[in-house]
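Read the structure below first, then the notes.
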Amino acid sequence: MLLLFDIDGTLLIRAAEAHTLALHAAIEEVHGVQAPDAFVPTAGRTDLAIMRSLLLLCGVDAKAIDDGAEATCTAACIAYARLCPPDLSAYVAPGAREALRGLKRLGHVPALVTGNLEPIARLKLRRAGLGDWFAAGPGGFGGDDEDRAALPGLARARAGEGTPVPRAQAVVIGDTPLDIACARADGVRCVGITTGPHPRADLEGADAVIDRLGELEDLLAGWG
Ligand SMILES: [Mg+2]
17 MLLLFDIDGT
27 LLIRAAEAHT
37 LALHAAIEEV
47 HGVQAPDAFV
57 PTAGRTDLAI
67 MRSLLLLCGV
77 DAKAIDDGAE
87 ATCTAACIAY
97 ARLCPPDLSA
107 YVAPGAREAL
117 RGLKRLGHVP
127 ALVTGNLEPI
137 ARLKLRRAGL
147 GDWFAAGPGG
157 FGGDDEDRAA
167 LPGLARARAG
177 EGTPVPRAQA
187 VVIGDTPLDI
197 ACARADGVRC
207 VGITTGPHPR
217 ADLEGADAVI
227 DRLGELEDLL
237 AGWG
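Just so we're aligned: the sequence shown equals residues 17 to 240 in the numbering used here.
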């Protein structure tokens with residue numbers, strides 16, 4: 017089974033502070049605006065979508081946002097490389113390492129579907145000591161599409177090397193209703209996990225809801 021893991025709230029818990037600061041630094045560098053004080057939701061959203069919300073609140077118009085998208089992504093990745101703590105291992109979700117080891121041993125293929133820009137995602141996981149579990153190449157990332165709904169299909173295509181991995185052989189694992197929505201948009205199954213900001217009640221649209229990554233192995237065994 018192709019396992020499409022979200023990062024923040026799923027593999028890593030509360031490790032996003034430097035990431036938020038990097039997005040703020042990027043919009044300041046490219047558009048010359050300070051991040052607004054207003055709350056901008058980030059959970060489950062792509063970096064492109066978060067930066068668009070920030071910029072719209074700052075009064076930047078849509079065309080300027082589109083024209084600057086590539087530059088803001090580049091600036092965000094450079095800023096994150098500067099701001100990312102050298103060691104994020106304390107933020108690894110409980111049981112994540114053991115779960116990944118067990119799932120891989122059973123022949124499952126871990127990959128990423130995350131709103132993070134790919135260089136940010138890769139660096140974040142490397143600094144957490146989880147980078148080796150995720151091969152370079154497959155995955156869907158926040159720079160691939162502003163809309164998370166597009167990412168599982170992309171990840172299946174990339175993992176299949178020519179022929180997409182069949183929908184029945186892929187599952188999204190994430191901590192927000194937007195993870196569930198992106199799985200639904202692609203017609204793949206979804207496991208919600210309660211280690212992020214959303215309680216079980218918010219994740220009822222998933223095919224299953226778990227509290228720890230360690231529950232995945234038994235769950236997937238039941239799905240055949
Ligand atoms: Mg998340």
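Don't be surprised by glycine CBs; every beta carbon is placed ideally from N, CA and C.
**Study point:** Span of the alpha helix (DSSP H) around V46
**Key:** E33 to H47
Review point. Just the Cα atoms here: how many angstroms apart are A42 and W239?
Key: 43 Å
Check your understanding: Mind checking whether A127 and P154 have CB atoms under 9 Å apart?
Key -> yes
Check your understanding: DSSP on C245, reduced to helix/strand/coil?
Key -> Missing from the structure shown is residue 245; the chain here goes from 17 to 240 and no further.
Review point. Does the distance from the CB of T210 to the CB of L229 come in under 9 Å?
Key: no
**Study point:** Length of the line joining the Cα atoms of P110 and A201
**Key:** 29 Å
Point to revise | CA nearest to the CA of L104, picked from A97, R142, V225 and T130 | key: R142
Check your understanding: For A173, which residues does DSSP report across the bridge?
Key -> Bridge partners of A173: none, in fact.
Check your understanding: What are the partner residues of V56, as DSSP defines its beta bridges?
Key -> V56 is not bridged to any residue.
Exercise for review: Report, in whole angstroms, the separation of the C-beta atoms of P135 and C100, which I expect to be a contact under 8 Å.
Suggested key: Not quite, the Cβ-Cβ distance comes to about 10 Å (not below 8 Å), so this is no contact.
Exercise for review: Tell me, to the nearest whole angstrom, how far the beta carbon of L19 is from that of V181; I am working on the premise that it is less than 8 Å.
Suggested key: Incorrect: roughly 11 Å between the Cβ atoms, too far for contact.
Check your understanding: Between D22 and the rest of its own chain, which residues show a CB-CB distance below 7 Å, the 5 nearest in sequence each way excluded?
Key -> V129, T130, I189, G190, D191 and D195
Point to revise | Beta-carbon proximity list for H124, same chain, < 6 Å, skipping 5 on both sides | key: M17 and L19
Point to revise | Three-way DSSP call (helix, strand, coil) for D223 in this model | key: coil
Review point. So what does DSSP say about R30, is it helix, strand or coil?
Key: coil
Review point. Just to confirm, does G212 get its C-beta within under 8 Å of one of the non-hydrogen atoms of ligand 1?
Key: yes
Check your understanding: Beta carbon of A59: closer than 8 Å to some heavy atom of ligand 1?
Key -> yes
Point to revise | Nonlocal neighbours in the same chain, by C-beta distance under 7 Å from V46, ignoring five residues either side | key: G84, A87, T88 and A91
Review point. Can you list the beta strand (DSSP E) stretches of 3 or more residues lying completely in the stretch 125-182, in chain order?
Key: 125-128
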